[in-house]
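Trainee: Starting off with a structure, shown below.
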RNA sequence: GCCCUGGUGGUGAAAUUGGUAGACACGCAGGACUUAAAAUCCUGUUGCCAGCAAUGGCAGUGCGGGUUCAAGUCCCGCCUGGGGCACCA
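Residue numbers (our numbering): 690 to 1661.
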């Protein structure tokens, strides 16, 4: 016998049980149905291309940019879109204010992770990159951004990197004129050489190189090109890299730990390799000065300043006692010249082998070997330890001719200044420690200020034992010393920078190929007439050939070196290195202005219209990399006449990180029992209530944050996630709940604390998600993600919906006049949001919306006069929601094109104010007064007040302070 | 070591020029509606003290001083979280 089956025609019960979040679908259909609304408007926006913009120059422009992402395989987590949401709100707001807003998005798609993944799995980087981009695009679209995707760029697209290569050629064909402080074409440098040689423009790569016009003309063509290479902004030079013999490849700094490769632990050594470099050091002063014109945070500017590291002082030449060679040093304290007791060279300094005496050879060699073994980390960790070796050689003091011993030590860096110092132990702590260690007598040049135990580093007081500088203060003494050095022809004033030229070669596959071909080891840019390559081979782009293997090429070359028929051209061999990750990102903001231009990287008319990025939003991690390179490229392109502005990013906004909130549960291994956190603190009580908390060691296990509601664990979901705990016991607390602990840390897959925006959007909608991310706090601070808190914002939107729509489909707004209070709520909100959006204070905008809706709901506002403008100001934050209501008001165009309403002061002025009245600074009562009431009348009224009289205790106040519109204070 | 930032309820935070500290939310507690749940609404929620209660008092923005009629906000000295740089001559 069988039971009759009951068939439900409605999907109700099924929906109910299937809903993973326990939300009932039925109520949602009746109420604010975000899912339906969001799908509908996403499609409508796409069909009507509402985000596609033109270069119509009749409108004022606004360029709002996000740092484009590297599309990693992990996809977006909830922290990534924070900055994008902020910039999207700003962009939409600006558009409503009448601007033509450029708000694009693209992908920084070249890079090591894709290549690493290819090495491990054999999947071609272009395949994984394309897949990741598609996924990113879907996740971004899900959130409802107003990006104009028709302008998107991808750095690994040949149509894009064609122009990256073209810009490289411009940098190769340019030099930096120090007198004019700008980049100029190399052709102009050649004319200078032909007329006057290089007397007025020394070579940055070889300051001592001198030739006149006649010598220049007599140089061979090859020689001339060698000379030009010492000037080019993109140039070829020998630079040290980490070389790992076992892996047969070059490694990045952070892939080498303690002189061993991070992967495999193979030994690595510093090795000189011929590499492309960018002469960013020539731009140091411009990069420093330009910061003054930028609206960036002081911290960000400071980071760039310290990276550029300008210091002023003098260059001094020291003659040697027994040699023709001279040692050049840089010092910031030329005034201490007479306190020099010894000199120190970097162990790698080129003069070391030449001047070391026979007796000291062994000691010097031993010390050099010791330094070579030392990793950067070891050197950094043992800063205080004094090491070094004596070369046996002596220099002569430039004025006193006193012999000065010459040492080598690792505390002098080869890469900074001249790689040599004059050591003044009386005035420098490190020199002092060194002198003590090697028992070098110390000359006191500071009189009683130096008492022998520590260096006197202060820049005050008078000099002594310093010949012609005696009795002088530091400042004048510096000038006097430099003048004397210049008069004697053995020194000059000099500015020094910490900034180093940037390595531009990578021995990798997944990057832009160089548009360079070598003839007899001489590099030629594609398109140079001298190269004589057939047209089809010399035009850009030089496309990245397909490879089957990503193994390094021979002798540390990149994988491209393995592809013989690509490398070999009729005119010579191609460059096999590729460009670094920052190449494509150094100019992408320019391409967005004119993304489909086939003839130029960007049309001058387009860049003249769009100009600088008005607001650039991104993380602080790019403070000195990307942001410095992009500034330099912009300056070079501007100097060469391709742009009319030389700073790319006018205002910079740094968003904070959204951290993960990891959850832990307590586990007793022996008893295989999980114990609710709430029981751990009060084991006795739990025992008393019949529960037995097992004694023994408690292990804290990470649990996926998505299985936890607040701190309450979903046990069934946990068991499904970790079947090995299927049979474990769970000790619940008195409420029958199982609770976890939480710890805030970085959001990452391995910590099981990643929250995917897709899940949040599915559960609450994109509008709720957008508003919640903003509501979390100020954009620039880091804060943990808390899914629980999103309820508040979601409730707000539902409440807002009920102000417009009742019972599913009844439209509430009517043409009835609004009360003064309703208008005040509205205009206060317009003012607050407009002002706060301008200063990127979005969290307080959301609060203001909530306040406004609370007030309007309480007043049961139905007035169209209030409710319609409200939709417009809400649109930047909750675009789908606002678009739906906007159209229900009978509009046929997007709310994006509605004008942002203006607030009117008349609605904001209140005619009376409830003043706090304080006695001796402590608020005791509140009394209402008309705002235009006379101070004397207010004073009289206050003194009659019952509460005030009580606190005065019969005394007469000494002073009555009345601040109009603020407060009243009585001083007794 | 140097530079830049921050420190406010159980939690995220607000207070934009020195003027009622804790807006707006989350969470929690209690209540209404409901057969029940969801949803929604209402009340309370910095701590301590007094009171049946309305309420009142005191303390309170990392710590210690100071300026001021008035300090989260300004000044001086510490403690501490986060980020950056680091033998830079």
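Each residue gets a CB set at the ideal place from its N, CA and C atoms; glycine is no exception.
None of these values were measured; they are calculated from a predicted model.
Tell me which residues share the same chain as residue 1340 and place their Cβ nearer than 6 Å to its Cβ, disregarding the 5 neighbours each side in the sequence.
Mentor: Around residue 1340: 984 and 1304.
Trainee: Under a three-way DSSP split, which group does residue 1410 fall into?
Mentor: The answer is helix: DSSP assigns residue 1410 an H, G or I state.
Trainee: Applying the 10 Å Cβ sphere with the 16-neighbour rule, what's the burial state of residue 769?
Mentor: That one is buried.
Trainee: Cutting at 8 Å between CB atoms, please list the residues of its own chain near residue 851, excluding the five before and the five after it.
Mentor: Excluding residues within five positions, the ones whose Cβ falls inside 8 Å are 1229 and 1230.
Trainee: Kindly indicate which three-state DSSP category residue 889 falls into: helix, strand or coil?
Mentor: Coil at residue 889, not helix or strand.
Trainee: So within the segment 1131-1211, which uninterrupted beta strand (DSSP E) runs reach at least 3 residues, ignoring any that extend past its ends?
Mentor: With a minimum length of 3 residues, the continuous beta strand (DSSP E) runs that stay inside the segment 1131-1211 are 1180-1186 and 1205-1208.
Trainee: Please report the residue range of the alpha helix (DSSP H) in which residue 1364 lies.
Mentor: Careful: residue 1364 lies outside any alpha helix (DSSP H), inside the beta strand (DSSP E) at 1362-1364.
Trainee: Do the CB positions of residue 1260 and residue 1208 come within less than 8 Å of each other?
Mentor: Yes, they are a contact pair.
Trainee: I need the straight-line Cα distance from residue 1297 to residue 1333, nearest angstrom please.
Mentor: Answer to the nearest angstrom: the Cα atoms are 6 Å apart.
Trainee: On the DSSP bridge assignment, give the partners of residue 957 in chain order.
Mentor: Note: residue 957 sits in a beta bridge opposite 933.
Trainee: Using a threshold of 8 Å, state whether the C-beta atoms of residue 774 and residue 1462 are closer than that.
Mentor: Yes.
Trainee: Taking the DSSP output, what are the residues bridged to residue 1267?
Mentor: Beta-bridge pairing links residue 1267 to 1195 and 1202.
Trainee: Give me the residue from 783, 846, 828 and 923 with the minimum Cα distance to residue 1285.
Mentor: The shortest C-alpha separation from residue 1285 is found at 846.
Trainee: In terms of DSSP beta bridges, what is residue 1097 paired with?
Mentor: Looking at the DSSP assignment, residue 1097 forms a beta bridge with 1034 and 1078.
Trainee: Should residue 1181 and residue 896 be called a contact, given that it needs their Cβ atoms to be closer than 8 Å?
Mentor: It is not a contact, given that the beta carbons lie outside the stated cut-off.
Trainee: Are the segment 884-891 and the segment 816-832 in contact at 8 Å, needing three or more beta carbon pairs?
Mentor: No contact exists between the segment 884-891 and the segment 816-832.
Trainee: What do you reckon, are the CB atoms on residue 1318 and residue 804 nearer than 8 Å?
Mentor: For residue 1318 and residue 804, no; Cβs fall outside 8 Å.
Trainee: Give me the residue from 1556, 1581, 1337 and 1468 with the minimum Cα distance to residue 1500.
Mentor: Looking at the Cα atoms, 1556 is the closest of the given residues.
Trainee: Assign residue 997 to one of two classes, buried (16 or more other C-beta atoms within 10 Å of its C-beta) or exposed (fewer than that).
Mentor: Buried.
Trainee: Near residue 726, which residues of its chain fall below 6 Å by C-beta distance, leaving aside the five closest residues on each side in sequence?
Mentor: Excluding sequence neighbours, residue 726 sits near 1569 and 1573.
Trainee: Who does residue 799 pair with in a DSSP beta bridge?
Mentor: DSSP output for residue 799 lists no bridge partner at all.
Trainee: Quick one: give me the first and last residue of the beta strand (DSSP E) that residue 1611 is part of.
Mentor: Element bounds for residue 1611: 1611-1619.
Trainee: Residue 1653 to residue 1620, Cα distance in whole Å?
Mentor: In a straight line, the C-alpha of residue 1653 is about 7 Å away from that of residue 1620.
Trainee: Of the choices 963, 911 and 945, whose alpha-carbon is the least far from that of residue 928?
Mentor: Residue 963 is the option with its Cα nearest to residue 928.
Trainee: Take the Cβ of residue 1386 as the centre, count every other Cβ of all protein chains shown within 10 Å, and call the residue buried at 16 or more, exposed below.
Mentor: Exposed is the call here.
Trainee: Beta-carbon separation of residue 1351 and residue 1493 under 8 Å?
Mentor: No, they are not a contact pair.
Trainee: On the criterion of 16 or more Cβ atoms from any shown chain inside 10 Å, does residue 1617 qualify as buried, or is it exposed?
Mentor: Exposed: under 16 other Cβ atoms inside 10 Å.
Trainee: Assuming residue 1550 contacts residue 1518 (C-beta within less than 8 Å), just tell me the rounded distance between them.
Mentor: Contact doesn't hold; Cβ gap of about 12 Å is too wide.
Trainee: Quick check: the segment 966-986 against the segment 1146-1162, are at least 3 beta-carbon pairs closer than 8 Å?
Mentor: These segments do not touch.
Trainee: Do residue 1394 and residue 1402 count as a contact pair if the criterion is CB distance below 8 Å?
Mentor: Contact: no.
Trainee: Tell me the residue span of the alpha helix (DSSP H) that contains residue 1482.
Mentor: Element bounds for residue 1482: 1479-1493.
Trainee: Judging by CA-CA distance, which residue of 1112, 1325 and 1426 is the nearest neighbour of residue 1745?
Mentor: Limits of the chain in this structure are 690 at one end and 1661 at the other, which puts residue 1745 out of reach.
Trainee: Which of the three DSSP states is assigned to residue 759 in this structure?
Mentor: Residue state, collapsed to three classes: coil.
Trainee: What beta strand (DSSP E) runs, 3 residues minimum, are completely inside the segment 1583-1659?
Mentor: Fully enclosed beta strand (DSSP E) runs of 3 or longer: 1601-1608, 1611-1619 and 1648-1652.
Trainee: Is it the case that the Cβ atoms of residue 872 and residue 1017 are separated by a distance below 8 Å?
Mentor: Their beta carbons are not under 8 Å apart, which means residue 872 does not touch residue 1017 by this criterion.
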